[in-house]
Amino acid sequence: MQDRRPAYFAWFILPSVFLAVALVASLASLFQYSFREYIPGSIKVGDFTLANFGRMGSWVYLRVFIDSLLLSACTAAANLILGYPLAYSLVRSKSSLLKSTILITTIVPMFTGDIVRTYSWLVVLGKNGFINGTLKAAGIIDTPLELLYTPLGVTVALVQYSLPVMVIILAAAISHIDVAYEKAAASLGAGPLRVFWNVTLPLTMPGILSGTVTIFAWTLSAFATPQLVGGGKVNMISNMVYQLGFSNFDFPFAAVLSMAALALIFAILGLMSLGMRRLERVGLH
Amino acid sequence: MDRLLRVLYGVLIGATLIYVTLPSLVVVVTAFSDKALLMFPPTGFSLKWFERAWTYDDFRKGMVNGLIITAWASCIALAVGTMAAFVIERFEFTGKRTLEAVLLSPLVIPHFTLGIAMLILASEISLARTFSLVVACHVILVLPFVMRSVYVSLKNIDPALERAAASLGASPFRVFMKIDLPLLAPGLAGGWLFAAILSFNEFTATLFVTGQRTQTLPVAMYTYVREYADPTMAALSSMLIAVTVLFLVAANRWLGLERILSIEARH
């Protein structure tokens with residue numbers, strides 16, 4: 001929309017231009033650092049080199065990337081399975097008590113912050129934590145289960161971390177479906193499972209796609225959860241970047257890994273928007 | 001068959017809700033333990049961990065630092081973001097789409113990438129790890145949330161109101177102050193609140209750009225978890241969870257939870 005105000009109002013944009021320049025400059029210096037030589041034991045960097053990129057091929061780092069992708073995929077899948085029913089009830093339930101319970105329980109962990117949320121999982125999963133303590137008190141186990149510092153533990157914590165976002169995205173998609181479609185299918189004799197499978201699920205496909213991909217990309221950038229619950233045994237890209245930077249002062253290679261993570265996330269989101277366009281063309285939504 | 005499905009569905013929902021809430025409840029219970037080790041179930045009752053959390057020096061400093069940084073970052077982001085959203089929504093200029101894309105990009109850039117990028121930029125231009133660096137980092141991170149909140153409110157303003165005020169002789173600046181700003185107020189409040197909460201809780205990027213002197217509460221908490229295993233952190237977490245719940249109830253009362261949700265929905 002065109003505003004009728006005098007053009008000098010457009011100068012209000014200046015402070016944000018300054019911030020945008022700072023942001024671009026920081027990413028540019030990150031890019032620049034990825035070509036610099038690492039001088040062991042020093043925070044100073046040497047001359048320009050391509051050697052850092054060669055190290056990406058090493059198994060240690062490939063493994064971290066594969067682990068990160070696997071953890072993100074499991075997290076996204078679990079989010080879909082657990083989040084869909086929650087989102088469906090949030091939109092369609094007739095009980096306002098259930099609705100507000102879902103809304104509040106979903107929202108609170110989102111606002112307590114990374115550290116509080118992650119620390120809570122240390123207390124739940126720890127050797128003498130809630131799960132092991134309860135199972136031991138009940139006489140079910142003698143030796144504590146290994147939950148902390150395992151991929152399973154990290155995934156359990158990561159899913160709780162991203163579930164609110166998934167529920168919100170899915171709820172938005174479900175609220176866009178006209179109930180009449182489901183009612184029509186049911187009146188024509190389809191059972192609830194069939195209505196869900198043939199009507200609700202296909203109609204919410206765009207939401208499912210965008211939710212799953214968003215969570216996947218989001219989990220790829222997680223740091224606090226794998227750092228504390230993974231405890232150095234389960235490493236994601238972010239943990240490697242932090243360790244390289246602050247233990248070895250190897251900022252050039254940390255820069256390479258950060259750029260790679262950024263490229264990966266942009267590629268995933270780009271693929272998603274391609275997929276969304278195809279879905280729209282097929283006319284499902 | 002239908003009944004079985006219904007029961008299974010109910011169980012799944014119940015189990016998921018318990019799973020999401022359980023950690024917070026466990027932390028609150030552990031905070032009242034009287035043992036120095038994290039143990040479940042707790043064997044006695046004490047308030048000493050709350051006292052220690054409240055008096056622990058690093059937490060106090062982190063709290064003060066965090067509040068200073070949050071106050072600056074959220075207010076700067078509110079001012080800059082409101083102006084940017086207003087101009088982008090209402091004016092045409094070259095590079096508008098690029099500028100908007102850059103300003104909104106922190107939504108998808110991993111925080112650790114942004115943190116290390118800011119740290120490297122700071123060292124390249126020989127900037128020490130000062131408060132301004134942390135504030136700048138936070139402003140960049142929370143700006144998209146302010147902008148989106150303002151966009152939503154701007155779309156709801158009827159331009160006829162602005163024209164009416166202008167035709168009655170109000171100067172453009174006066175129209176902005178007397179018509180646009182009051183109508184934007186709820187959106188601004190929501191955006192500011194959201195920015196403040198995000199900034200106060202931000203951990204990943206902050207860990208990269210803070211030093212000993214500038215560390216915020218989440219960074220101090222992280223350091224504590226790595227060094228000690230007593231329930232002090234549980235006590236502090238309980239207090240923070242309680243404050244968050246109070247904040248959300250208040251926000252729901254005055255601003256509407258859906259409004260905050262619609263901001264988050266496109267994350």
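First to last, the sequence lines map onto chains R and W.
Taking our numbering, the leading residue of the first sequence gets 1, the next gets one more, and so forth.
Taking our numbering, the leading residue of the second sequence gets 1, the next gets one more, and so forth.
Yeah, the Cβ is synthetic: ideal placement off N, Cα and C, and Gly gets one too.
Task: Buried versus exposed call for residue 36 of chain W [16 or more other C-beta atoms within 10 Å across all chains shown] - done: Exposed is the call here.
Open item on the list: Taking 8 Å as the cut-off, does the region 148 to 162 of chain W touch the region 82 to 92 of chain W (at least 3 CB pairs, one atom from each stretch)?
Closed with: yes
- [ ] Check residue 36 of chain R in the structure and name its three-state DSSP category.
- [x] strand
Task: Continuous alpha helix (DSSP H) stretch holding residue 234 of chain R: start and end - done: Note, residue 234 of chain R: premise wrong, no alpha helix (DSSP H); not H, not E.
Open item on the list: Excluding the 5 residues flanking residue 265 of chain W on each side, which residues of the same chain have their C-beta closer than 6 Å to its C-beta?
Closed with: Reliability of the predicted coordinates at residue 265 of chain W is poor, the pLDDT of 37 falling under 50, and no value is obtained from them.
TODO: Could you tell me which uninterrupted alpha helix (DSSP H) segments, each at least 4 residues in length, are contained entirely in the region 149 to 216 of chain R, listed from first to last along the chain?
DONE: 151 to 175, 179 to 187 and 192 to 195
Task: Positions along the region 103 to 114 of chain R whose CB lies within less than 8 Å of some CB in chain W - done: Under the 8 Å Cβ criterion, the region 103 to 114 of chain R contributes 103, 104, 105, 106, 107, 108, 109, 110, 111, 112, 113 and 114.
Open item on the list: For a contact defined as C-beta to C-beta under 7 Å, what are the partners of residue 237 of chain W on chain R?
Closed with: Counting only Cβ-Cβ distances below 7 Å, residue 237 of chain W has contacts in chain R at 116, 119 and 120, in chain order.
Task: Residues that residue 160 of chain R contacts on chain W, provided the C-beta gap is smaller than 8 Å - done: Here the neighbours are 19, 20 and 23.
TODO: Give me the Cβ distance between residue 239 of chain R and residue 223 of chain R, rounded to the nearest whole Å; I'm assuming they're in contact under 8 Å.
DONE: 7 Å
TODO: Give, in chain order, every residue of the region 15 to 38 of chain R whose Cβ lies closer than 7 Å to some Cβ of chain W.
DONE: 15, 16, 17, 19, 20, 22, 23, 24, 25, 26, 27, 29, 30 and 33
Open item on the list: Just list the residues that DSSP pairs residue 45 of chain R with in beta bridges.
Closed with: Per DSSP, R/38.
Task: Nearest candidate by alpha-carbon position, reference residue 120 of chain W, set R/278, R/250, R/206 and R/116 - done: R/250
Task: Whole-Å CB distance - residue 231 of chain R paired with residue 148 of chain R, under 8 Å assumed - done: 7 Å
TODO: Express the C-alpha separation of residue 252 of chain R and residue 44 of chain R in angstroms, rounding to a whole number.
DONE: 10 Å
Open item on the list: Assuming residue 111 of chain W and residue 216 of chain W are in contact, meaning their beta carbons sit under 8 Å apart, how far apart are those beta carbons, in whole angstroms?
Closed with: Their Cβ separation, rounded to whole angstroms, is 14 Å, which puts residue 111 of chain W and residue 216 of chain W out of contact at 8 Å.
Open item on the list: If you reduce the DSSP assignment to three classes, tell me which class residue 97 of chain W lands in.
Closed with: DSSP places residue 97 of chain W in helix when its eight states are reduced to three.
Open item on the list: Determine, for residue 276 of chain R, whether the minimum Cβ-Cβ distance to residues of chain W falls below 8 Å.
Closed with: no
Task: Collapsed DSSP secondary structure at residue 56 of chain R in the structure displayed - done: In the structure shown, residue 56 of chain R sits in coil (DSSP, three-state: anything other than H, G, I, E or B).
Open item on the list: Contact criterion: CB-CB distance below 8 Å. Does residue 110 of chain W meet it with respect to chain R?
Closed with: yes
Task: Under the three-state DSSP convention, the category residue 81 of chain W falls into - done: helix
TODO: Output the distance between the C-alpha atoms of residue 63 of chain R and residue 214 of chain R, rounded to the nearest integer angstrom.
DONE: 23 Å
Open item on the list: Judging by CA-CA distance, which residue of R/104, R/127, R/216 and R/280 is the nearest neighbour of residue 249 of chain W?
Closed with: R/104
Open item on the list: If contacts are defined as beta-carbon pairs under 8 Å, then residue 118 of chain W and residue 133 of chain W qualify, I think. What distance do you get, rounded to the angstrom?
Closed with: 7 Å
Task: Cα-Cα separation, residue 46 of chain R to residue 26 of chain R - done: 19 Å
Open item on the list: Using a Cβ-based criterion (distance less than 7 Å to any ligand heavy atom), does residue 253 of chain R qualify as near the ligand COA?
Closed with: This structure does not include the ligand COA; it has no bound ligands of any sort.
Open item on the list: So, with DSSP's three-state summary, where would you put residue 285 of chain R?
Closed with: Low confidence applies here, because residue 285 of chain R scores a pLDDT of 46, under 50, leaving its location unreliable and the question unanswered by this model.
TODO: Quick one: list the residues of chain W neighbouring residue 128 of chain R, beta-carbon separation under 9 Å, in chain order.
DONE: 37, 38, 39 and 40
TODO: For chain R, find out if any of its Cβ atoms is closer than 8 Å to the Cβ of residue 102 of chain W; answer yes or no.
DONE: Contacts with chain R at 8 Å (Cβ-Cβ) include residue 102 of chain W.
Open item on the list: Threshold first: 4 residues or longer. Then list the alpha helix (DSSP H) segments lying entirely within the region 161 to 209 of chain W, N to C.
Closed with: 172 to 175, 181 to 201 and 204 to 209
Open item on the list: Please tell me whether residue 249 of chain R has its Cβ less than 8 Å away from any Cβ of chain W.
Closed with: no
- [ ] Ignore the nearest five residues each way along the sequence and tell me which others in residue 26 of chain W's own chain have a CB closer than 6 Å to its CB.
- [x] none
- [ ] Verify the CB distance criterion: does residue 124 of chain W have a CB-CB separation below 8 Å to chain R?
- [x] yes
Task: Rounded straight-line distance, which links the Cα of residue 229 of chain R to that of residue 325 of chain W - done: This structure does not reach residue 325 of chain W, given that chain W is present from 1 up to 267, and the question cannot be answered.
- [ ] Counting only runs of 4+ residues fully inside the region 53 to 97 of chain R, write out the alpha helix (DSSP H) ranges in chain order.
- [x] 59 to 92
Task: Residue burial classification, residue 31 of chain W (beta-carbon count within 10 angstroms, cutoff 16) - done: buried
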